[in-house]
Structure formats: C-alpha cells, structure tokens
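Enquirer: Okay, handing you the structure first.
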Amino acid sequence: MKAAIIVCGLAACGQAFSLTGLVNNVFGWEGIGGALQYPMGGGDAELRLLEFSETERAYYTEEDKLRLKREGKNFIDVTDFVGHYPDVQTKSNVEFPVKVSHEKAVKDLAKNITQSNMRNWLDHFSSFHTRYYKSDTGLESSQWLHDQVAKIIGERHDIHLQYWDHSWKQKSLVARIEGSKEPENIVVVGAHQDSINLLFPSLLAAPGADDDGSGTVTTLEVFRLLAEHQFEPENTVEFHWYSAEEGGLLGSQDIFTNYSAEGKTVKAMLQQDMTGYIKGTLDSDKEESLGVITDYVDESLTEFIKLVVDSYCDIPYVETSCGYGCSDHASASKAGYPSAFVIESDFDKSNHFIHSTMDTLDRLSFDHMEQHAKLTLGYAYELGFNRF
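When you line the sequence shown up against mature numbering (1 follows the signal peptide of the UniProt record, and there is no 0), it's residues -16 to -1, 1 to 372, in that order.
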C-alpha cells in the first residue's frame, strides 16, 4: 500500500498535527509532479515524521520505513522528538588533545583484551531469534545484556547501571563510570543492541552478529577492562547500548534529547556500529583498516579519533562517509554534542549481509574487533583524563 508523503520544511513539520485533519487535507492529493499519492483505502495510516537531511522531512508509514531501509536510504525518525532539539545547530567549541598522554597505561591495559570474551558473548547475543526492538526476544536480549554488564560492575560503587525504558519493548542501557574530579563532563562510548530482518522484522530471524552485535561486544569488552582494572577517570565515562537504532535512531534520540533537556555536558561521543567484517576489504585487494566516518561528524573529535588509531591500533584508518543519520552518533550531533563514528572498513566495503538471516558470527574477524577495542580503550582513557 502506498503512503502519504508530505515533504515539508523543518518548521512546518515541527507543528503538532491531527491525523484526521491531515487525511482530509491530502485525500486525493497527487503529490509532487503527480508521483506521490495518498492511499485510497484502509490499512494502517499511522504516519511517522522522518528526517533525511538537515532541511528535509517527510511523513511515511512504518511499512514505508522498512522499504526505505531496504533501498539503503538513511533517515532519523524524529516523530517523538520534535521540539526537543536546538533550533540552530551550532559548531562545537570543545578542544581535543593533539597528542596522546597515557600511552603506557593504555597499551598495558590493551594486552588484556580477550577475544574469547567477545566471541562467547556474541555467540549468545546472536542466538536470539531477533533483537528487533518491538519483539519479545528484543526485550529478552536487552535483559541478557543488562545481566552481563551488571556482572562486570560487581561491587564497584562508582559505576552505575541504568535500564532505560522506552515506549517500545526493548530497553537501552547506560553504564556510568563516575568522574572523580569533573563528573559533569561526560565522555560517551556507544553501540546499538537491536537487529532487524528487513523482509519481515516481526517474523524472520535477525542474528545481527555484525550489525551491531559486534559493536555491542567490542564496547562491552572495553567496559570490562576498565571496570576490572579499577579505571577511575577524572571525567565521567559512559557506555551506552542503544535500543531501536534500526527504527530511525529512536533509543539514542530518547537518551540524548533527555540529556539536552537536563543540561548535561557531553564532551564527546564515539559510535561503534559494525566492527567485525573485513572480507569486502580483502576481496578488493585493499589493506585491512578502520573506517573513520568524515561526514556529519564533529571535525575536531574525528581528528582526535585518527590520532588514537595511529597511536594505539596496529592497522591504519581510511576516511569514508555513510550519509546523513547513518547511526546513533547522529542523535548526539542533533542534540548539540560532538560525535564521531568508526566502522569496520571503507563504508562501501562493509558487510552486505546485514539485515538478513546471513549476518552471522562466522563471517567476522575477532582480530579486527580487537583493533576496534584498542581504539575504544584509547579514546575512553585519553578523554577520561583530559582537561576540557
């Protein structure tokens, strides 16, 4: 069934609307150039407001969201968050280090990265039938992840774990390592925990081993290292595992719009989404590398990320781009916080088995995931002690 598509400016789409009134206004409308039509019949007419760029929004149904994702089109579902973002996006004035300061501590700690932990966690995490954010198993997978984080925290009273409720079933997680000197300064490590099968998300399996089970367990292993080795940063370091990224960055938007409303100061956010697939790179006779995203990110933070890769990883980075709203770092950016994103490779060579039953653990390189862990560790340690 075709959906009503109303393309509008941000201000116009930002107003509350009546669905009945909307139907009455556009019934029979043939849209731009006669190409877009309102459905002439029944069905689920609930519309969601999707953002495709900083200046373009449009209304689509949930069914159309799946079609757009199948077509490879990025969007942010801002329906529930209109009015919660700054009216004007200002450039961050946060200054980041131009050289690393904790090389010995980070490299000593990196020796304890344990691939078997990541493999065992991912083996279980990808065994849930699906981690679709509206499903029962999506909820169960978030409960399992919560239990793993809680076990790692153990008796550390300076680490707090929040189970973040949303209006859908699956929950997000935030583990907060309280800063000892400047706790109001927050450094965020992010990954998304949900998966999706774009054919029938509520029915078909979606193991999501790479997207984003790999990022989830990569950041979980770094969290384990820091927690078990008595990491006590001067700034607060938070690890986030977001629900509903595949629905249009819904979980991360919920968190960062709340942070903005509460006046929280996020100094940096690094997203790790897909950290394990290298076959596309190797099949192209290219050198194994980390893909540093350079579009729609904070330039200064991204330069610091390159410094961390050069300082702590055993492979180089390549600059690449992924488009508007391609992962949860975009939610931080929209809330006015500096964000960066590193993916497993040049974006064009990343895993093409995602969003299907074929996104499985056997296709991944845990050696490569260890490189992402080294990056995450260096980022968290350096900024955890940085004087902002």
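Cβ coordinates follow ideal geometry from the N, Cα and C atoms, glycine included.
Look at the alpha carbon of K263 and the alpha carbon of Y301, and state the distance between them as a whole number of angstroms.
Expert: 16 Å
Enquirer: Note the first and the last residue of the continuous alpha helix (DSSP H) segment covering W105.
Expert: Q99 to F109
Enquirer: Over what stretch of residues does the alpha helix (DSSP H) that includes Y243 continue unbroken?
Expert: L234 to A245
Enquirer: Using 8 Å as the threshold, is the C-beta distance between L254 and V326 below it?
Expert: yes
Enquirer: Within its chain, find whatever has a CB closer than 6 Å to the CB of N101; leave out the 5 residues flanking it on each side and keep chain order.
Expert: E205
Enquirer: Among the residues of its own chain, which have a CB less than 7 Å from the CB of R140, if the five just before and after it don't count?
Expert: A211
Enquirer: Would you identify the three-state DSSP class for F223, choosing helix, strand or coil?
Expert: In the structure shown, F223 sits in a strand (DSSP, three-state: E or B).
Enquirer: Here's a check: name, in chain order, each residue in its chain whose Cβ is nearer than 7 Å to the Cβ of M24, leaving out the five neighbours to either side.
Expert: Unreliable placement is indicated for M24, whose pLDDT of 29 sits below 50; the coordinate value is still reported in the next sentence. Once the five neighbours on either side are set aside, M24 has no close Cβ partner at all.
Enquirer: Going by DSSP in three states, M253 sits in which element: helix, strand or coil?
Expert: strand
Enquirer: So, is L361 buried or exposed, given that buried needs 16 or more other C-beta atoms within 10 angstroms?
Expert: buried
Enquirer: Looking only at its chain, what residues have a beta carbon closer than 7 Å to the beta carbon of residue 375, apart from the 5 residues adjacent to it on each side?
Expert: Nothing can be reported for residue 375: it is not among the residues displayed for the chain, which extend from -16 to 372.
Enquirer: I need the DSSP call for S94, collapsed to helix, strand or coil.
Expert: Note that residue 94 corresponds to Ala in the displayed sequence, not to Ser. If DSSP states are grouped into helix, strand and coil, A94 belongs with the helices.
Enquirer: Relative to the C-alpha of Y308, which residue among E40, V250 and V221 is closest?
Expert: E40
Enquirer: Mind listing, in chain order, the continuous beta strand (DSSP E) runs of no fewer than 3 residues lying wholly within the stretch 125 to 200?
Expert: 143 to 148, 156 to 161 and 166 to 176
Enquirer: Please classify S323 as buried or exposed, where buried requires at least 16 neighbouring CB atoms within 10 angstroms.
Expert: Note on S323: 16 or more other CB atoms within 10 angstroms of its CB, so buried under the neighbour-count rule.
Enquirer: Measure the alpha-carbon distance for V293 versus S76 and round it to whole angstroms.
Expert: 22 Å
Enquirer: Considering only C-alpha positions, which residue in the set S334, N335 and L50 is nearest to N181?
Expert: L50
Enquirer: A245: buried (16+ other C-beta within 10 angstroms of its C-beta) or exposed?
Expert: Around the beta carbon of A245, a 10 Å sphere encloses fewer than 16 other beta carbons of the protein chains shown; the residue is thus reported as exposed.
Enquirer: Please determine, among S349, L359, V250 and E328, the residue with the shortest C-alpha to C-alpha distance to V78.
Expert: Comparing alpha carbon positions, the residue from S349, L359, V250 and E328 closest to V78 is V250.
Enquirer: From which residue to which residue does the beta strand (DSSP E) around R54 run?
Expert: It is not in any beta strand (DSSP E) - R54 instead sits in the alpha helix (DSSP H) that spans E46 to R54.
Enquirer: Just confirm the distance between the C-beta atoms of Y147 and K153, as a whole number of angstroms; I'd bet it's less than 8 Å.
Expert: Contact flag wrong, Cβ pair sits at about 13 Å.
Enquirer: Have a look at Q177, D92 and E166 and flag the residue whose alpha-carbon is nearest the alpha-carbon of H213.
Expert: D92
Enquirer: What would DSSP say about R371, mapped onto helix, strand or coil?
Expert: coil
Enquirer: Alpha carbon to alpha carbon, what distance is there between P81 and F184?
Expert: In a straight line, the C-alpha of F184 is about 46 Å away from that of P81.
Enquirer: Would you kindly check if the distance between the Cβ of V171 and the Cβ of L367 is under 8 Å?
Expert: yes
Enquirer: Looking only at its chain, what residues have a beta carbon closer than 7 Å to the beta carbon of L359, apart from the 5 residues adjacent to it on each side?
Expert: L274, V292, V293, Y296, C297 and V326
Enquirer: From which residue to which residue does the alpha helix (DSSP H) around Y296 run?
Expert: E283 to Y296
Enquirer: Does the beta-carbon distance from Q177 to W225 come in below 8 Å?
Expert: yes
Enquirer: Classify E222: buried if its beta carbon has 16 or more other beta carbons within 10 angstroms, exposed otherwise.
Expert: buried
Enquirer: Assuming M342 and S198 are in contact, meaning their beta carbons sit under 8 Å apart, how far apart are those beta carbons, in whole angstroms?
Expert: Not quite, the Cβ-Cβ distance comes to about 15 Å (not below 8 Å), so this is no contact.
Enquirer: Taking only three categories from DSSP, how would you classify G12?
Expert: A caution first: G12 carries a pLDDT of 30, below 50, which makes its placement in the model unreliable, though a value can still be read off. In this structure, DSSP gives G12 a state outside helix and strand, which the three-state scheme calls coil.
Enquirer: Counting along the chain, where does the alpha helix (DSSP H) carrying A316 start and finish?
Expert: Per DSSP, A316 belongs to the alpha helix (DSSP H) from H313 to K318.
Enquirer: By Cβ distance below 7 Å, which residues in the same chain neighbour S340 in space, the five residues on each side in sequence not counted?
Expert: N181
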